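Q: Please find one structure pasted underneath; my questions will follow.
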Amino acid sequence: MATTPRFFNTLTRATEPFEPSDGRTVRMYTCGPTVHDFAHIGNFRAYVFEDLLRRFLRFHGWAVRQVMNLTDVDDKTIRKSRAAGVPLREYTRRFADAFFADLDALRIERAEHYPAATEHVPEMIALIARLMEKGFAYRSDDGSVYFRIERFPAYGRLSRLDLAGLKPGARVAQDEYEKEHVGDFALWKAWDEADGEVAWDSPWGRGRPGWHIECSAMSMRYLGESFDIHTGGQDNIFPHHEDEIAQSEAATGRPLARFWLHCAHLVVEGQKMSKTLGNFYTLRDVLERGWTGRETRYVLLATHYRQNLNFTFESLGAARSALERLDGFRERLEEVAGGAAAGAPPAWAAEAQKAFHDALADDLNISGALAALFDLVRDGHRAMDAGRLAPPEAGAVLAMLREWDRVLAVLTPETDGPPTEVVDMARLREEARRARNWGEADRLRAGIAALGWEVQDTPGGPKLRRK
Ligand code: AMP
Ligand code: ZN
-12 MATTPRFFNT
-2 LTRATEPFEP
8 SDGRTVRMYT
18 CGPTVHDFAH
28 IGNFRAYVFE
38 DLLRRFLRFH
48 GWAVRQVMNL
58 TDVDDKTIRK
68 SRAAGVPLRE
78 YTRRFADAFF
88 ADLDALRIER
98 AEHYPAATEH
108 VPEMIALIAR
118 LMEKGFAYRS
128 DDGSVYFRIE
138 RFPAYGRLSR
148 LDLAGLKPGA
158 RVAQDEYEKE
168 HVGDFALWKA
178 WDEADGEVAW
188 DSPWGRGRPG
198 WHIECSAMSM
208 RYLGESFDIH
218 TGGQDNIFPH
228 HEDEIAQSEA
238 ATGRPLARFW
248 LHCAHLVVEG
258 QKMSKTLGNF
268 YTLRDVLERG
278 WTGRETRYVL
288 LATHYRQNLN
298 FTFESLGAAR
308 SALERLDGFR
318 ERLEEVAGGA
328 AAGAPPAWAA
338 EAQKAFHDAL
348 ADDLNISGAL
358 AALFDLVRDG
368 HRAMDAGRLA
378 PPEAGAVLAM
388 LREWDRVLAV
398 LTPETDGPPT
408 EVVDMARLRE
418 EARRARNWGE
428 ADRLRAGIAA
438 LGWEVQDTPG
448 GPKLRRK
């Protein structure tokens, strides 16, 4: 029986054994991007951590239902789309598309749902109405609706706030604010001129939802009122997650999530990478400098999620060497295996397998898991040097690496293959040729060429090559 996973729960500040409440499917919510710009690699540190968590939960044997929201309406998105003179939806679509392309480049597995805030306003209004009914919310003179934190004694539990000096009734309207400004926070913001065309009707007048209510409404919509894990970066603890808990639990009387997992920041020279500080790189910036998505993933993955990750370009160089070492090992194993079916693994490999799982089960101890991987490489080379690794054993180690890569997703080389649209066009061209529709086939060949690829008809079928 595999070791039960344990995770550090921000709610209790303790490492606790974890199991999904129904014993089968982990229901998990992850705060997603605000799509007002390209995400930076600090954001991707959070998404890679959540990907490691998701992949490990599946590796351990559970199913996962993960929801990641797209915040496509908040103070910033409105401000920026107006400055650009583009409707909100059009403005955010571009960055949402870029976000998904970046997820693919970083081999981040897709969540089951990506709800957009603007498509769930009725759910948010319903939740606010529930809070009004129960007396946890009130409408201010300008038509905004606020959550009354005084009514919710557990306020501050997640972030361990000391509310002793609190001024009752003080309010904050911004989506993001500091602990010094703790107060009643906006659930619904009455329309004002800065909002331009962005507004919805509600029982309290025209306006738009606050940021925090978005996540409460969407998590409950897709995962139920109480689910297993809620994640985000450390900066989300206050006010965002504190407010999510207050709104959701005040409405339902049930815990929103049992486990809260937060990753530490990606930092540059000691400071959090952020748009505001201007010390950021997007994934595009990194790729343009000649590094790959695979190498970037390795860097984002290799530091334990609760430790600050100091980003440097040297660390990408170290990732490249580590990956070359792993590629060399795999290639040598393939030679030794010579296509033999996997047999029983040698003892040192079976030991590494257990060490790998147990490390990750210990609050995603990635250093331990990578140590198990590099021990496997060392022992494997030794066995091959001594001619002591039989082909079925080499096959078993290869199978093990493939299995581990379901969690790590760094072991397969960058394919650098044709993009899907080129593959699709090649398939259509082949169908056209079979139907002797030569005109269409030629048109498709030209389309493929325009994208920088070439179809070569070989005895084994058509092959795509870069021109
Ligand atoms: P945002 O788009 O700012 O809401 O951030 C999206 C996600 O990235 C959230 O989970 C944040 O906590 C996380 N995040 C933002 N900056 C960093 C950073 N420098 N390091 C790690 N995670 C971050
Ligand atoms: Zn959120």
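Residue numbers (the working numbering): -12 to 454.
Ideal Cβ positions, reconstructed from N, Cα and C, are used throughout, including at glycine.
The model shown is predicted, which means the values in this text are computed figures rather than measured ones.
At a cut-off of 8 Å, would you count residue 318 as near the ligand ZN, judging by its Cβ distance to the nearest heavy atom?
A: No, the ligand ZN has no heavy atom inside 8 Å of this Cβ.
Q: Could you give the first and the last residue of the continuous alpha helix (DSSP H) run that contains residue 84?
A: 75 to 92
Q: What distance in whole Å lies between the Cβ atoms of residue -7 and residue 349, which are believed to be in contact at a cut-off of 8 Å?
A: Confirmed, about 6 Å.
Q: Between which two residues does the beta strand (DSSP E) harbouring residue 139 extend?
A: Careful: residue 139 lies outside any beta strand (DSSP E) and carries neither H nor E.
Q: Decide if residue -1 is buried, meaning its Cβ has at least 16 other Cβ atoms within 10 Å, or exposed.
A: That one is exposed.
Q: What ranges does the beta strand (DSSP E) occupy inside the stretch 219 to 276, keeping only unbroken runs of at least 3 residues that lie completely in it?
A: 244 to 250, 253 to 255
Q: When you measure from the CB of residue 291 to every non-hydrogen atom of the ligand AMP, does any distance come out below 8 Å?
A: no
Q: Take the Cβ of residue 53 as the centre, count every other Cβ of all protein chains shown within 10 Å, and call the residue buried at 16 or more, exposed below.
A: buried
Q: Which two residues bound the contiguous beta strand (DSSP E) that contains residue 50?
A: The continuous beta strand (DSSP E) containing residue 50 extends over residues 50 to 55.
Q: Mind reading off the beta-carbon distance from residue 335 to residue 372? Whole number of angstroms is fine, and I expect it under 8 Å.
A: Actually they are not in contact, since the Cβ atoms of residue 335 and residue 372 sit about 14 Å apart, beyond 8 Å.
Q: Compute the minimum distance between the beta carbon of residue 368 and the heavy atoms of the ligand ZN, and state whether it is under 8 Å.
A: Answer for residue 368: no, Cβ out of range of the ligand ZN.
Q: Cα separation between residue 392 and residue 356?
A: 11 Å
Q: Once the 5 residues before and after residue 126 are set aside, which same chain residues still bring their CB inside 7 Å of it?
A: 132, 191
Q: DSSP has residue 194 in a bridge; who is on the other side?
A: 177, 187
Q: Would DSSP call residue 103 helix, strand or coil?
A: strand
Q: Please go through the same chain and pick out, in chain order, the residues whose beta-carbon is closer than 6 Å to the beta-carbon of residue 100, but skip the five residues on each side of it.
A: 54, 209
Q: If we call anything under 9 Å between Cβ atoms a contact, is residue 229 one with residue 148?
A: yes
Q: Taking all protein chains shown into account, decide if residue 440 is buried (16 or more other Cβ within 10 angstroms of its Cβ) or exposed.
A: With 16 or more other Cβ atoms within 10 Å, it is buried.
Q: Going by the beta-carbon positions, is the gap between residue 317 and residue 396 smaller than 9 Å?
A: no
Q: Buried or exposed for residue 184, going by 16 or more other Cβ atoms inside 10 Å?
A: exposed
Q: Shortest alpha-carbon distance to residue 177 belongs to which of 170, 414, 166, 189?
A: 189
Q: Please report the residue range of the beta strand (DSSP E) in which residue 133 lies.
A: 132 to 134
Q: In the DSSP assignment, find the unbroken alpha helix (DSSP H) run with residue 316 in it and report its ends.
A: 300 to 324
Q: The ligand PLP and residue 197: does any heavy atom of the ligand fall closer than 8 Å to the residue's C-beta?
A: The ligand content of the structure shown is limited to the ligand AMP and the ligand ZN, which means the ligand PLP is not among them.
Q: At the level of alpha carbons, what is the spacing between residue 108 and residue 187?
A: 8 Å
Q: When the Cα of residue 140 is compared with those of 171, 116, 129, which residue comes out closest?
A: 171
Q: What residue does the beta strand (DSSP E) around residue 4 start on, and which one ends it?
A: Start and end: 1 to 4.
Q: Rounding to the nearest angstrom, what Cα-Cα distance links residue 342 and residue 321 in this structure?
A: 23 Å
Q: Report the residue from 299, 351, 278, 215 whose alpha carbon sits nearest the alpha carbon of residue 293.
A: 351
Q: Going along the chain, which residues put their C-beta within less than 5 Å of some heavy atom in the ligand ZN?
A: Output, sorted by chain position: 18, 202.
Q: Look up residue 217 in the DSSP assignment and say whether it is helix, strand or coil.
A: strand
Q: Please tell me whether, using a cut-off of 8 Å, the distance from the CB of residue 217 to the nearest non-hydrogen atom of the ligand AMP is below it.
A: no
Q: According to DSSP, is residue 285 part of a helix, a strand, or is it coil?
A: helix
Q: May I ask you to list the residues that DSSP assigns as paired with residue 440?
A: 453
Q: Starting from the C-beta of residue 325, find all residues in its chain whose C-beta is less than 7 Å away, skip the five residues before and the five after it, and write them out in chain order.
A: Result list for residue 325: 378, in chain order.
Q: Classify residue 445 as helix, strand or coil using the three-state DSSP reduction.
A: If DSSP states are grouped into helix, strand and coil, residue 445 belongs with the strands.
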